[in-house]
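Take 849 as the starting number for the sequence shown in the working numbering and just add one per residue. The beta-carbon is built from N, C-alpha and C at its ideal position, and this holds for glycine as well. Okay, structure first, notes after.
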Amino acid sequence: MYSAKLLTPEDYENFEVIYDDFCAKAKTEYNFELDPIDYDGFLDSVEKKIIECIVLYDNHRLVGFLVYTTAISEAIELNLIHCTDSNKYVEHSTELLKKFLELTQDLRKQKIVCYPMLGNQNALIGTIVKLGFQFVGIEVLRFKMHGTNSKELFARARVAELPAGYKVVKWNSRYFNDAVNVIQKSFDKSSDALFDPRFKSISGCRDILYKVVHDIYAKFLPDATSVLLYEDKPVGFSFMNLTNDSIVNIPLVGILDEHQGKGLSTIMLKHSMDEILENRVMSKVTEINTTTETDNLQALRLYKNLGFIEDYNYPQAYMPIG
C-alpha cells in the first residue's frame, strides 16, 4: 500500500537514510556537477519553504522522495525524483508524481511546471507523457581546461573581423536596462520560454538578470561578461558566472535579430573566454559549460567552433498552464 505526503519532522529519522542514498548517487546517476547540500541544509530549506519535499511510503517503508520549488522563478520547478528500489523506480516515481500533481493543482492554473530529467530520470519519459508533459531536448557542452583539446580548438577558432561601428566592452551596471530588453527579445520565442515564462515579459527578464548580476544563481563575473555595442548602443550580451570557484557557466547569450548572421555572437563569447583564460584569478577554473537545445544547430556550431565538446543531453520536460 502506497502513501505519499509532504515531508514532516516525524519522517526525519527515516528520511536521512534515503537522502544519504541520493547524495551517494547524485553525480553518478543524476549528473550533478557539485555535491548536493548536506542533510541539515536540506531540512533547513524545507522548513523555510524554499523547497517542498514529498515522501513515499510503501507498506510503511520510506522508499522515495520528490523535490520541487516555487521560490526561484515564476514556474513550478520539479527538481528531482529519487527512489531507492531500482526495480520499482518507475512505479514509485509515478506515485510521487501523482501526489505532486494533486498538491500543485491550483498552482498549475497559473504556473508552468518544468522538470529537467537528468540522469536516470529519463526512464520516466513514458510516464510523464501520459500525465501531460511535453519535452525539449537539452545538450550540455563543456570547455575543459585539462584532458581535452578544447584549448587547441579555441586557439584555431574561426572568428570574423569586428565590422565597422561595432565594439565589445566589459559589463557595466549602466547596461542593465538594455540587457533586459535584449534578453527579452532574444528569448521571447525560444524554447527556454516554454519552461521559464519569465522570458516572455520585460518584468520577468528583469528578475532573471537581477538574480544573475546579484549573485543569486552563482557568482557573477562582470569582467568576463561581454557587451556588444553598435554605434555605442548595446545590442548583444554574453553573461558569465562562477560556481564553487571552479566551474564557469554561460547562463545567457543574446543578440538582437538585426545584428545576427555576422559572427558577432562568436566574437562576444571569445571576448568573454579570453578574459577567463588569461586572468590569473581564474586559475582554479576547471571548465566552462553551457546548455542549448539539441536541435539548435547554429548554437551547437558556435560553441564547438570555440572548443566546446558535447557531453550529454537530457529531456527538459514542461507542463503548460492548465
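Ordered list of alpha helix (DSSP H) runs contained in the segment 1088-1159, each at least 4 residues: 1112-1126, 1145-1153
Delimiting residues of the alpha helix (DSSP H) encompassing Phe1043: 1040-1043
Contact between the segment 1136-1154 and the segment 948-962 (3+ Cβ pairs under 8 Å): no
Exposed unless 16 or more other CB atoms sit within 10 angstroms - verdict on His908: exposed
C-beta neighbour in chain D for Lys1033, strict 8 Å: In summary, chain D is missing from the structure at hand, where a single protein chain is found.
Euclidean distance between Cα positions of Tyr1166 and Ser1039: 10 Å
In chain order, each beta strand (DSSP E) run of at least 3 residues that lies wholly inside the segment 972-1000: 982-992
Alpha-carbon to alpha-carbon, Ala1066 and Thr918: 19 Å
Extent of the continuous alpha helix (DSSP H) run through Lys875: 860-878
Contact check, Ile1124 vs Ile1115, beta carbons under 8 Å: no
Start-to-end residues for the alpha helix (DSSP H) that takes in Val1030: 1024-1035
Cβ contact (3+ pairs, closer than 8 Å) linking the segment 963-973 and the segment 924-940: yes
Backbone secondary structure at Leu1057 - three-state DSSP: helix
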